[in-house]
Amino acid sequence: MVDFINELNENQREAVVNTEGPTLVIAGAGSGKTRVLTYRIANLLSKGVPAYRILALTFTNKAAREMQKRIATLVGQGNASNLWMGTFHSIFSKILRVEAEHLGYTSNFTIYDSQDSKNLIKSIVKDLRLDDKVYKPNDVLGRISMAKNNLVVAQAYAQSAKIVAADQAAKKPMITEIYKYYQLRCRQSDVMDFDDLLLQTNILFRDFPEILEKYQKKFDYILVDEYQDTNYSQYLIIKKLAEQHKNICVVGDDAQSIYSFRGARIENILNFRNDYPGYKLCKLEQNYRSTTTIVDAANSIISRNKEQIPKKTFSENEEGDKIRVMKAMSDKEEGFQVAQEIFRISQNEQAEFNDFAILYRTNAQSRIMEEALRKRNIPYKIYGGLSFYQRKEIKDLLAYLRLTVNQNDEEALKRIINYPKRGIGDTTVDKLKEVALKYNASIWTVLCNLNKVPGVVSAATAAKLTHFRQLIEGFTELAKEENAYDTTYRIAKTSGIIDDLSTDDTPEGVSRKENIQELLNAVKDFSETAYNEGRDDKLPSFLEGVALLTDQDSEKPEDNNKVTLMTIHSAKGLEFENVFIVGMEEDLFPAQQSAYTPAALEEERRLFYVALTRAEKKVVMTYATTRYKNGNVVYPQPSRFIAEIDPVYLEGFFTPTRSREDRQLQVPGRVTRMAKPTLSPQPNVEIPDVDTSRLQAISGDTVVPGMIIYHPNFGAGKVITLDGLGVNKKAKVLFAKHGQKVLLLKFAKLYVQGDTN
DNA sequence: CTCTTCCAGCTTTTT
DNA sequence: GCTGGAAGAG
Numbered sequence: 001m002v003d004f005i006n007e008l009n010e011n012q013r014e015a016v017v018n019t020e021g022p023t024l025v026i027a028g029a030g031s032g033k034t035r036v037l038t039y040r041i042a043n044l045l046s047k048g049v050p051a052y053r054i055l056a057l058t059f060t061n062k063a064a065r066e067m068q069k070r071i072a073t074l075v076g077q078g079n080a081s082n083l084w085m086g087t088f089h090s091i092f093s094k095i096l097r098v099e100a101e102h103l104g105y106t107s108n109f110t111i112y113d114s115q116d117s118k119n120l121i122k123s124i125v126k127d128l129r130l131d132d133k134v135y136k137p138n139d140v141l142g143r144i145s146m147a148k149n150n151l152v153v154a155q156a157y158a159q160s161a162k163i164v165a166a167d168q169a170a171k172k173p174m175i176t177e178i179y180k181y182y183q184l185r186c187r188q189s190d191v192m193d194f195d196d197l198l199l200q201t202n203i204l205f206r207d208f209p210e211i212l213e214k215y216q217k218k219f220d221y222i223l224v225d226e227y228q229d230t231n232y233s234q235y236l237i238i239k240k241l242a243e244q245h246k247n248i249c250v251v252g253d254d255a256q257s258i259y260s261f262r263g264a265r266i267e268n269i270l271n272f273r274n275d276y277p278g279y280k281l282c283k284l285e286q287n288y289r290s291t292t293t294i295v296d297a298a299n300s301i302i303s304r305n306k307e308q309i310p311k312k313t314f315s316e317n318e319e320g321d322k323i324r325v326m327k328a329m330s331d332k333e334e335g336f337q338v339a340q341e342i343f344r345i346s347q348n349e350q351a352e353f354n355d356f357a358i359l360y361r362t363n364a365q366s367r368i369m370e371e372a373l374r375k376r377n378i379p380y381k382i383y384g385g386l387s388f389y390q391r392k393e394i395k396d397l398l399a400y401l402r403l404t405v406n407q408n409d410e411e412a413l414k415r416i417i418n419y420p421k422r423g424i425g426d427t428t429v430d431k432l433k434e435v436a437l438k439y440n441a442s443i444w445t446v447l448c449n450l451n452k453v454p455g456v457v458s459a460a461t462a463a464k465l466t467h468f469r470q471l472i473e474g475f476t477e478l479a480k481e482e483n484a485y486d487t488t489y490r491i492a493k494t495s496g497i498i499d500d501l502s503t504d505d506t507p508e509g510v511s512r513k514e515n516i517q518e519l520l521n522a523v524k525d526f527s528e529t530a531y532n533e534g535r536d537d538k539l540p541s542f543l544e545g546v547a548l549l550t551d552q553d554s555e556k557p558e559d560n561n562k563v564t565l566m567t568i569h570s571a572k573g574l575e576f577e578n579v580f581i582v583g584m585e586e587d588l589f590p591a592q593q594s595a596y597t598p599a600a601l602e603e604e605r606r607l608f609y610v611a612l613t614r615a616e617k618k619v620v621m622t623y624a625t626t627r628y629k630n631g632n633v634v635y636p637q638p639s640r641f642i643a644e645i646d647p648v649y650l651e652g653f654f655t656p657t658r659s660r661e662d663r664q665l666q667v668p669g670r671v672t673r674m675a676k677p678t679l680s681p682q683p684n685v686e687i688p689d690v691d692t693s694r695l696q697a698i699s700g701d702t703v704v705p706g707m708i709i710y711h712p713n714f715g716a717g718k719v720i721t722l723d724g725l726g727v728n729k730k731a732k733v734l735f736a737k738h739g740q741k742v743l744l745l746k747f748a749k750l751y752v753q754g755d756t757n
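Residue numbers for the first sequence follow UniProt numbering, beginning at 1 and rising by one.
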């Protein structure tokens, strides 16, 4: 039995005991949010609610697993594993597989990861003969994703005047066409992308009320973690499911909303009161994780944001050390200093390596940290970056598995039709695709009907294609009989993948083979566990989950005493005794794209808040004064976030005294190679003042000599000369405060004085 | 059709 | 600094 009285504070207990009706839990960082969720679920179970009637949605697989583990220790493994607990994507993909036929998919539909989606977009852009410089897969996918997350299907996209106008303004009017074909080809391939998993669930619930009702009845209790990170699509699914009984409990912290870039709506949490009148509000404000210094410093940061739910997190822990700021001459030295500090602290204070985390804004920063740690023989584990499942050799083998299960999977087919080499080149694939488009069929269908389209390929090519087709068909037959492991093993062998990798003796080649072996082990593990537990051990079942897996899901036991390296985003929800936040520099953190709009900047600040509040005892922040970025040297300024912390909580950072106006004017931007901050000579040209409240952005090619321009970094300046052509066009500009600079116009964000009326 | 070499673009963050 | 695509030679 669960001891609520002794293990929970009053507010936490409220949140746990009030199981009926809508409940909103506002949970500050480190306030025992997970504890509340797990106890609430344990409480429901102890009241006799069957586990399979509880739906608990988390944001990451990791969070789900963690919670399951903790519930299992409270109520036993058997009970815990019957819970419907997982990410939105994994839970609803499960439901969609059951209901797929209603929507015109098969239950074996494939899930495209972002790379697959981008590849498909690339290919559509090519088919439509569009400029791939204008229609960049990333951008286009972003637009489509945004649309889907707002439940705008391709047809509605085309009909929305607002969206069409926005695309036209961005000079990308064909996105709507691309969306249409993208969706068409996904359907043809029996494929859903990540966003479809949510969109199609919404469509399912909208168009089939009896199915909605089935699930409304099934889930008596619904819990949602990280509610501030839900997007519209997720929000609506929850709302519909909870409509009948309204036993919904959402937990979140608006101060930790860091996913608006992928459609998360902070309003969802703010509007809970309107959606569920009569809701119960629980505020968890006591931080049990961090020292008062850290909590107060974090508060001093987040209070600068305008948009937030009023709350005051506090800590009754000891005051603790001040937050240390370390400056390094270079990114390399930054790594060196961090490694040295970790080593020193671990020696002096008997801290274990797993008490340390190094957090960074971008994955690209990990490599330099890795190198430094390796030199000092400090063990580390690294999350994110190129995940296991994104490695080429793994994707290749998975593509075989996918095609075996779903022959219409276009991206899988294109990936392996000529890997290993079997003499089927791009020309042939293009021809097949043309035929497929013409007959509105998948490439596989064309492959099966080559005789009906004579003359498309030569007899020799046709033979090769047929051979490939038979290879896959053989695998499909095999998959029906054998378990996932036996099938996969045979595929790896007979497809030639293993032979192909065996010819490569380089360290990379060896590591690729090891990765294949690791995947085989994972499949074996799946098959055996499934068999032992009486579940389906065939290939489709294995594949179901794989697309939604990430690196973070494969924690290895040998990883237990290592320093953790990860992005701040993936650190959310975790805690470490000692946290190093590295790369505290302008244009890195806050990211340069975020520095210009207030909303984006607030999100960066929340991200910083998340980073700080990961720490229990010590925070060390570091910045470098030179850094390699995309192979170029840049000279970053320390992040404004350092100066935003109340200096009483800091040590080692000298806050430069700047005038108020100066601080407001300074919107640090990109430092280009040409723009080394050197000693600025006083200008000998008179530059009039610029009214910064009336600036108008201009593009580089409208710049002419003599023009007065305004640069976010350097302020007002006069264009002296221009040289270079096209994208290499440069302007020599004399700035009032910074002297002469050469700007690459392609990069420089320039403004001119706008109309004064 | 395949292999090699060269170049451009990229870096926000994740299911 | 790395990756993926283009281009050109065999």
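Heads up, the beta-carbon is just placed ideally off N, CA and C, and yes, glycines get one too.
Rounded to whole angstroms, how far is the Cβ of Y259 from the Cβ of D193, which I believe are closer than 8 angstroms? Contact doesn't hold; Cβ gap of about 17 angstroms is too wide.
What whole-angstrom Cβ distance do I121 and Y39 have, given they're in contact under 8 angstroms? Actually they do not touch by this definition, with Cβ atoms about 45 angstroms apart.
By how many angstroms is the C-alpha of D499 removed from the C-alpha of A339? Their Cα atoms are separated by approximately 41 angstroms.
Could you round the C-beta distance between I491 and I516 to whole angstroms and report it? I think they count as a contact, below 8 angstroms. The Cβ separation is near 11 angstroms, so there is no contact.
For T567, report the span of its beta strand (DSSP E) as first-last. From DSSP, the beta strand (DSSP E) with T567 extends over V563 to T567.
The stretch 269 to 286 contacting the stretch 572 to 584, beta-carbon criterion three pairs below 8 angstroms: Counting Cβ pairs under 8 angstroms, fewer than three are found: no touch.
Cβ shell of residue 771 (< 7 angstroms), same chain only, five flanking positions each side left out: Past the edges of the chain, shown from 1 to 757, lies residue 771, and the structure says nothing about it.
What are the partner residues of M192, as DSSP defines its beta bridges? Partner(s): I111.
With a threshold of 7 angstroms on Cβ separation, who are the neighbours of K524 within its own chain once the five nearest residues in sequence on each side are excluded? Cβ contact annotation for K524 (same chain, cutoff 7 angstroms, sequence separation greater than five): Y485, in chain order.
So, using beta-carbon positions, are N247 and Y215 closer together than 8 angstroms? No, Cβ-Cβ distance for N247 and Y215 is not below 8 angstroms.
Going by Cα to Cα distance, which pick from E99, A51, D355 and F388 is closest to I211? Closest option to I211, Cα to Cα, is E99.
Which value, in whole angstroms, describes the spacing of the CA atoms of G474 and S81? Going by the C-alpha atoms only, they are around 36 angstroms apart.
How would you call M329, buried or exposed, if buried means at least 16 neighbouring beta carbons within 10 angstroms? Burial call: exposed.
Hey, Y623 and I301: beta-carbon distance below 8 angstroms or not? I301 sits away from Y623, with the two beta carbons spaced by 8 angstroms or more.
As assigned by DSSP and simplified to three states, the class of E585: DSSP places E585 in the strand class (E or B) of the three-state scheme.
Do you know whose CA, among V164, R614, G583 and L607, lies nearest Y635's CA? It is G583.
Euclidean distance between Cα positions of K617 and L184: Answer to the nearest angstrom: the Cα atoms are 53 angstroms apart.
May I have the straight-line CA-CA distance separating D207 from A63, to the nearest angstrom? Their Cα atoms are separated by approximately 32 angstroms.
Pick out whichever of A522, L501 and T404 has its Cα sitting closest to the Cα of Q470. It is T404 whose Cα lies nearest to the Cα of Q470.
Say whether the stretch 114 to 128 touches the stretch 83 to 91, bearing in mind that this needs 3 or more beta-carbon pairs closer than 8 angstroms, one atom from each stretch. Between the stretch 114 to 128 and the stretch 83 to 91, the count of Cβ pairs shorter than 8 angstroms is below three; the stretches do not touch.
Which one of R304, S366 and S303 has the shortest CA to CA distance from E334? For E334, the nearest C-alpha among the options comes from S366.
Based on Cα-Cα distance, which residue from V563, P420, Y232 and L45 lies nearest to K493? The candidate whose alpha carbon is nearest that of K493 is P420.
By the DSSP assignment, the beta strand (DSSP E) with E616 in it spans what residues? Element bounds for E616: A615 to A624.
Return the residue from the list S387, Q407, I394 and I266 that minimises the CA-CA distance to E603. Minimum Cα distance to E603 is reached at I266.
Using C-beta distances below 6 angstroms, list every residue in its chain close to R660, excluding the 5 sequence neighbours before and after it, in chain order. The pLDDT assigned to R660 is 40, lower than 50, so where the model puts this residue is not dependable, and the model offers no usable value.
Reduced DSSP secondary structure (H/G/I, E/B, other) of G252: Here G252 sits in strand by DSSP.
According to DSSP, residues forming a beta bridge with G86: For G86, which the question treats as bridged, DSSP gives the partners L57.
S541 (DSSP reduced to helix, strand or coil): Helix at S541.
Pick from S107, S31, E20 and Y235 that is closest to N11, judged by C-alpha positions: The shortest C-alpha separation from N11 is found at S31.
Cβ neighbours of T230 in the same chain (closer than 6 angstroms, five flanking residues each side left out): N268, listed in sequence order.
Round the Cβ separation of S257 and R606 to the nearest angstrom and send it over; I've been treating them as touching at under 8 angstroms. About 6 angstroms separates the two Cβ atoms, so the contact holds.
Need the endpoints of the alpha helix (DSSP H) that N632 sits in, please. Counting along the chain, no alpha helix (DSSP H) covers N632; the unbroken beta strand (DSSP E) around it starts and ends at N632 to V634.
Nearest residue (CA-CA) to A169, options K148, L198 and V134: A check of alpha carbon separations from A169 across K148, L198 and V134 identifies V134 as the nearest.
Put P454 into one of helix, strand or coil per three-state DSSP. Note: P454 maps to coil in three-state DSSP.
Residue range of the unbroken beta strand (DSSP E) whose run includes L44: Premise fails: L44 lies in the alpha helix (DSSP H), K33 to S46, not in any beta strand (DSSP E).
Candidates S290, I294, K327 and E285, of which the one nearest I309 by Cα: Of the candidates S290, I294, K327 and E285, E285 places its Cα closest to the Cα of I309.
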